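Residue numbers (full-length UniProt numbering), protein chains in the order written: chain A, 1 to 240; chain B, 1 to 240.
2 protein chains.
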Amino acid sequence: MSFLELERSLGYKFRNSNLLELALTHRSNGSPHNERLEFLGDSVLNFAITIFLFEKYSDVDEGGLSRLRASLVQQNSLATIASELNLSRYLKLGEGELKSGGCNRPSILADCLEAIFGAIFKDSSFNEVKIVIEKQFVKLLNNLDLKTMCKDAKSLLQELLQSRKISLPRYLIVNINGAAHNQRFEIECVISELNIKTKSVGDTRRAAEQSAAKMAIDIITSSNSNYLDFNLYNYKSIKA
Amino acid sequence: MSFLELERSLGYKFRNSNLLELALTHRSNGSPHNERLEFLGDSVLNFAITIFLFEKYSDVDEGGLSRLRASLVQQNSLATIASELNLSRYLKLGEGELKSGGCNRPSILADCLEAIFGAIFKDSSFNEVKIVIEKQFVKLLNNLDLKTMCKDAKSLLQELLQSRKISLPRYLIVNINGAAHNQRFEIECVISELNIKTKSVGDTRRAAEQSAAKMAIDIITSSNSNYLDFNLYNYKSIKA
């Protein structure tokens with residue numbers, strides 16, 4: 001198969017086209033497959049996007065930067081770029097995956113795109129793959145919703161719950177320790193309807209509330225994320 | 001304060017020592033602080049370790065590589081390196097943190113070390129910071145327990161449970177879909193004692209079991225991890 005068109009869309013010509021072929025080979029096709037390249041490419045992508053955001057948004061704090069990055073490297077964004085590159089035409093899948101429509105499955109497309117970034121890095125250098133990544137992400141980078149992304153955790157949690165018609169969280173002071181000049185606030189964030197309670201400690205009430213809200217967001221979004229693409233019936237904290 | 005000794009231990013001399021000072025400044029000390037550099041440094045570190053592992057362990061699969069990386073970049077490993085560098089002597093903390101022993105808190109030390117890696121990257125180049133990182137991690141890199149790390153998920157889960165004297169998981173076939181040549185197995189991994197059930201789908205029974213086992217490991221280890229450094233009383237899957 002000729003990769004001419006794909007390389008043109010990527011804006012990168014492989015020195016060693018075996019690397020590109022490997023990046024396009026799903027594990028269902030047998031060994032060798034693209035998962036090691038995906039491991040590499042995931043980190044390449046994360047680093048390239050991190051540098052871009054760090055340099056461009058010098059007035060956005062680390063929480064905002066994290067949210068911006070998460071929105072860019074999530075599976076849906078990657079699958080969209082993969083579709084624009086027509087990756088499904090080039091994928092090498094096993095018979096089972098092929099028949100069950102694997103070539104259009106977002107997770108397979110997203111993983112394959114990461115593997116391609118890994119392959120380009122291995123074929124050239126970080127500087128070269130960074131240029132390719134920025135070219136592929138240019139639309140997403142230009143459409144970043146800074147206003148939403150850079151909101152603080154309490155505001156975000158509130159909006160998240162309102163959008164699902166869930167009652168707002170309550171923040172309870174569980175404990176205040178220390179002398180007057182050195183207090184530590186222990187705050188609980190309670191979302192009764194979802195049976196979620198998170199607890200955090202901070203030097204100020206506000207800091208502890210923000211941190212507890214962030215934990216609640218992490219729980220809500222991760223249980224909906226594709227990462228946890230399964231039914232989690234029960235989950236109990238087990239302390240070693 | 002002179003950073004001469006710290007720079008000697010790091011094996012790196014800053015061109016702009018303000019960057020090092022910023023990396024050592026905790027948010028409790030007010031703005032500006034090290035959290036943006038930490039965001040950058042976390043990604044720098046992840047990338048440097050990823051490249052190292054990818055190149056060195058060419059016969060280890062992506063699951064093994066992920067576990068190796070996780071063991072290296074975890075808070076405890078970072079805090080150990082930070083202690084060896086005597087970072088607590090250089091930290092700039094707010095009064096509250098200082099009095100409550102913040103300069104020896106593992107999370108503060110680990111974050112600060114990441115911020116230093118971010119600062120070195122900004123002060124020089126990825127190649128230079130990669131050398132610094134490999135020097136600091138050399139002991140950990142030489143002591144990697146490949147035998148444990150590269151085990152498959154079912155074996156790891158079994159050992160994890162045995163070490164805590166918890167009954168072994170059961171793997172139940174919940175469903176088999178598709179024609180004979182194209183079956184999809186839906187498997188549930190049940191750990192009754194911990195009230196954990198995970199579910200996964202795969203082309204083979206073995207693949208689905210491995211994937212369900214991995215989810216169970218993620219749940220068990222994340223609920224013990226420092227990342228979730230709080231009491232999670234209840235956690236329910238909420239599907240959007």
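Note that beta-carbon positions come from the ideal geometry of N, C-alpha and C, so glycine has one too.
In this text the structure is predicted, and so the values were computed from the model without any measurement.
Counting only runs that start and end within the stretch 150 to 203 of chain B, where is the beta strand (DSSP E) found for 3 or more residues in a row?
Complete beta strand (DSSP E) runs here, min 3: 170 to 177, 184 to 191 and 196 to 202.
Less than 8 Å between the beta carbons of residue 182(A) and residue 96(B), yes or no?
Between residue 182(A) and residue 96(B), the C-beta gap is smaller than 8 Å, which places the two residues in contact.
Take residue 208(B) as the anchor and find which of 174(B), 55(B), 220(B) and 194(B) has the nearest alpha-carbon.
Answer by Cα proximity: 174(B).
Residue 107(B) versus 93(B), 75(B) and 145(B), residue with shortest Cα-Cα distance:
Of all alpha-carbon atoms in 93(B), 75(B) and 145(B), the one lying nearest the alpha-carbon of residue 107(B) is that of 75(B).
CA nearest to the CA of residue 243(B), picked from 211(B), 213(B) and 10(B)
Shown here, chain B extends from 1 to 240; a query on residue 243(B) therefore has no answer.
Would a check of beta-carbon distances place residue 50(A) closer than 8 Å to chain B?
In terms of beta-carbon proximity, residue 50(A) lines the interface with chain B, with at least one pair separated by less than 8 Å.
If you check the beta carbons only, do residue 23(B) and residue 37(B) fall under 8 Å apart?
It is a contact, given that the beta carbons lie within the stated cut-off.
Helix, strand or coil: how does DSSP classify residue 92(B) here?
If DSSP states are grouped into helix, strand and coil, residue 92(B) belongs with the strands.
Do the CB positions of residue 46(B) and residue 43(A) come within less than 8 Å of each other?
Closer than 8 Å, so yes.
With 16 other CB atoms within 10 Å as the buried threshold, where does residue 146(A) fall?
Residue environment: residue 146(A) is assigned as exposed (fewer than 16 neighbouring CB atoms within 10 Å of its CB, all protein chains considered).
Kindly give me the distance between the Cβ atoms of residue 6(B) and residue 57(B), rounded to whole angstroms, as I take these residues to be in contact under 8 Å.
In fact, because the Cβ distance is near 32 Å, the residues do not count as touching under 8 Å.
Tell me the residue span of the alpha helix (DSSP H) that contains residue 86(B).
Premise fails: residue 86(B) is in no alpha helix (DSSP H) and is neither H nor E.
Cα-Cα separation between residue 17(B) and residue 124(B), rounded to whole angstroms
Near 12 Å, if we compare the C-alpha coordinates of residue 124(B) and residue 17(B).
Residues that residue 96(A) contacts on chain B, provided the C-beta gap is smaller than 7 Å
Those within 7 Å of residue 96(A) in chain B are 182 and 203.
Within a Cβ cutoff of 8 Å, which residues of the same chain sit near residue 69(A), ignoring the five residues on either side of it in sequence?
Counting only Cβ-Cβ distances below 8 Å, and skipping sequence neighbours, we find 46, 49, 50 and 53.
Taking any Cβ of chain B, which residues in the stretch 129 to 141 of chain A have a Cβ under 7 Å from it, in chain order?
Look at the stretch 129 to 141 of chain A: it has no residue with a C-beta under 7 Å from a C-beta of chain B.
Expressed to the nearest angstrom, what Euclidean distance is found between the alpha-carbon atoms of residue 220(A) and residue 157(A)?
About 9 Å.
Within its chain, find whatever has a CB closer than 6 Å to the CB of residue 25(A); leave out the 5 residues flanking it on each side and keep chain order.
So the list reads 33, 34 and 92, once near-sequence residues are dropped.
How about residue 203(A) and residue 94(B): do their beta carbons lie closer than 8 Å?
Yes.
Euclidean distance between Cα positions of residue 187(A) and residue 159(A)
Between residue 187(A) and residue 159(A), the alpha-carbon positions lie close to 20 Å from each other.
Restricting to Cα atoms, I'd like to know which of 41(B), 103(B), 40(B) and 73(B) is closest to residue 28(B).
The shortest C-alpha separation from residue 28(B) is found at 103(B).
Near residue 121(B), which residues of its chain fall below 6 Å by C-beta distance, leaving aside the five closest residues on each side in sequence?
So the qualifying residues of the chain are 44 and 129.
Environment of residue 215(B) [buried if 16+ CB atoms lie within 10 Å]:
Around the beta carbon of residue 215(B), 16 or more other beta carbons sit within 10 angstroms, so the residue counts as buried.
For residue 46(A), return the contacting residues in chain B, with the cut-off set at a CB-CB distance below 8 Å.
Taking a Cβ-Cβ threshold of 8 Å, the residues of chain B close to residue 46(A) are 43, 46 and 47, in chain order.
Expressed to the nearest angstrom, what Euclidean distance is found between the alpha-carbon atoms of residue 234(A) and residue 197(B)?
With a pLDDT of only 24 at residue 234(A), under the threshold of 50, the placement of this residue in the model should not be trusted; the figure read from the coordinates follows. Going from the Cα of residue 234(A) to the Cα of residue 197(B) covers about 7 Å.
Euclidean distance between Cα positions of residue 141(B) and residue 133(A)
Note on geometry: alpha-carbon atoms of residue 141(B) and residue 133(A) lie some 30 Å from one another.
Can you pull the chain B neighbours of residue 36(A), defined as C-beta to C-beta under 9 Å?
Within 9 Å Cβ-Cβ: 54, 58, 60, 61, 62 and 65.
Quick one: what's residue 25(B) bridged to in DSSP?
Answer by DSSP bridge pairing, in chain order: 92(B).
Note down, in chain order, every chain B residue with its Cβ under 8 Å from the Cβ of residue 20(A).
Chain B residues near residue 20(A): none, gap ~17 Å exceeds 8 Å.
Reference residue 150(A); option with closest CA among 67(A), 73(A) and 86(A):
Here the closest residue by C-alpha is 67(A).
With a cut-off of 8 Å on the beta carbons, I'd call residue 217(A) and residue 191(A) a contact; round off their distance for me.
In fact, because the Cβ distance is near 10 Å, the residues do not count as touching under 8 Å.
Spatial neighbours of residue 240(A) within its chain, please: C-beta separation below 7 Å, excluding the five flanking residues on both sides.
In this prediction, residue 240(A) has a pLDDT of 21, which is less than 50 and means its spatial position is unreliable; what the coordinates show is noted afterwards. Correct list: empty, nothing qualifies.
So for residue 34(B), helix, strand or coil by DSSP?
Looking at residue 34(B) - three-state DSSP - the assignment turns out to be coil, as it is neither helix nor strand.
Sequence-distant residues of its chain with Cβ nearer than 6 Å to residue 199(B) (five each side left out)
Shown here for residue 199(B): same chain residues with a beta carbon closer than 6 Å to its own, the five before and five after excluded, namely 188 in chain order.
Should residue 231(A) be labelled buried (16 or more other beta-carbon atoms within 10 Å of its own) or exposed?
Because residue 231(A) sits at a pLDDT of 24, beneath the cut-off of 50, its placement in the model cannot be relied upon, and the following sentence gives the value as read from the coordinates. Residue 231(A) should be labelled exposed.
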